[in-house]
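Visitor: Residue numbering for the sequence shown is -11 to 131, as defined by the working numbering.
Backbone N, C-alpha and C define an ideal beta-carbon position, used for all residues, glycine too.
Predicted model only: the values in this text are computed from it and were never measured.
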Amino acid sequence: MFRGPSQKSINTGMMLLQCEPGCLRMPGTTSWRQFHNEEKSMRKYALFVLAVIALSLLAPAAFAAEGAPAEATNWIAITAGFSMAIASAGCGYAQSKATAAACEGMARNPGATAAIRFALILALVLIESMALYTFATMFIRVK
């Protein structure tokens, strides 16, 4: 095997590999630094999880204190508000995706505009019904 003056060779046992000048390792090999960084991030993640578990174990002792509650919180109303917000966000996202897909379909095939429009209106009605069902459930539950 011919070796030029500017190339160095690496002996890997059975075969002789060449690399370009200035290269410290063979291209395509994995650096061990990559694995050490993953270990450090996993340690940070594990410490965070352990801290959360420790705090969750201490929480019952903090809430077990004797005393008269100041005022009861209406959690049903709060969760109903969150559910309406989540349903509205989901409906908005779904409606925007359906409208974008319908516009793209009409642009690609103008002959099928009527069928695509019908499918779009039906899809928008069904998507909006999810928000209306959530709204009705919110009013039934919250008194």
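With DSSP run on the structure shown, which of helix, strand or coil describes T175?
Guide: The displayed coordinates of the chain run from -11 to 131. Any statement about residue 175 would go beyond what the structure contains.
Visitor: Taking I115 and A86 to be in contact with their CB atoms under 8 angstroms, please state how far apart those CB atoms are, rounded to whole angstroms.
Guide: In the sequence shown, residue 115 corresponds to position 127, counting from 1. In the sequence shown, residue 86 corresponds to position 98, counting from 1. About 7 angstroms separates the two Cβ atoms, so the contact holds.
Visitor: Would you identify the three-state DSSP class for K85, choosing helix, strand or coil?
Guide: As a first step, residue 85 is located in the sequence shown; it is residue number 97 there, counting from the start. K85: helix per DSSP, three-state reduction.
Visitor: Need the endpoints of the alpha helix (DSSP H) that V130 sits in, please.
Guide: In the sequence shown, the residue the question calls residue 130 occupies position 142. No alpha helix (DSSP H) holds V130; DSSP gives it neither H nor E.
Visitor: Kindly list the residues whose CB is nearer than 8 angstroms to the CB of I128, restricted to its own chain and excluding five residues on each side of it in sequence; keep chain order.
Guide: Translated into positions along the sequence shown, residue 128 becomes position 140. Same-chain partners within the cutoff: there are none.
Visitor: Take M126 and list the residues in its own chain whose beta-carbon comes closer than 6 angstroms to its own, dropping the five residues that flank it on each side.
Guide: If you number the sequence shown from 1, residue 126 lands on position 138. Cβ neighbours of M126 beyond the five flanking positions: A68, M72.
Visitor: Take the Cβ of A119 as the centre, count every other Cβ of all protein chains shown within 10 Å, and call the residue buried at 16 or more, exposed below.
Guide: Along the sequence shown, one-based indexing puts residue 119 at 131. Per the 10 Å Cβ criterion, buried.
Visitor: By Cβ distance, which residues of its chain are closer than 7 angstroms to Q83, with the 5 residues on each side in sequence left out?
Guide: Counting from 1 along the sequence shown, the entry for residue 83 is found at position 95. Cβ within range, chain order: L112, I115.
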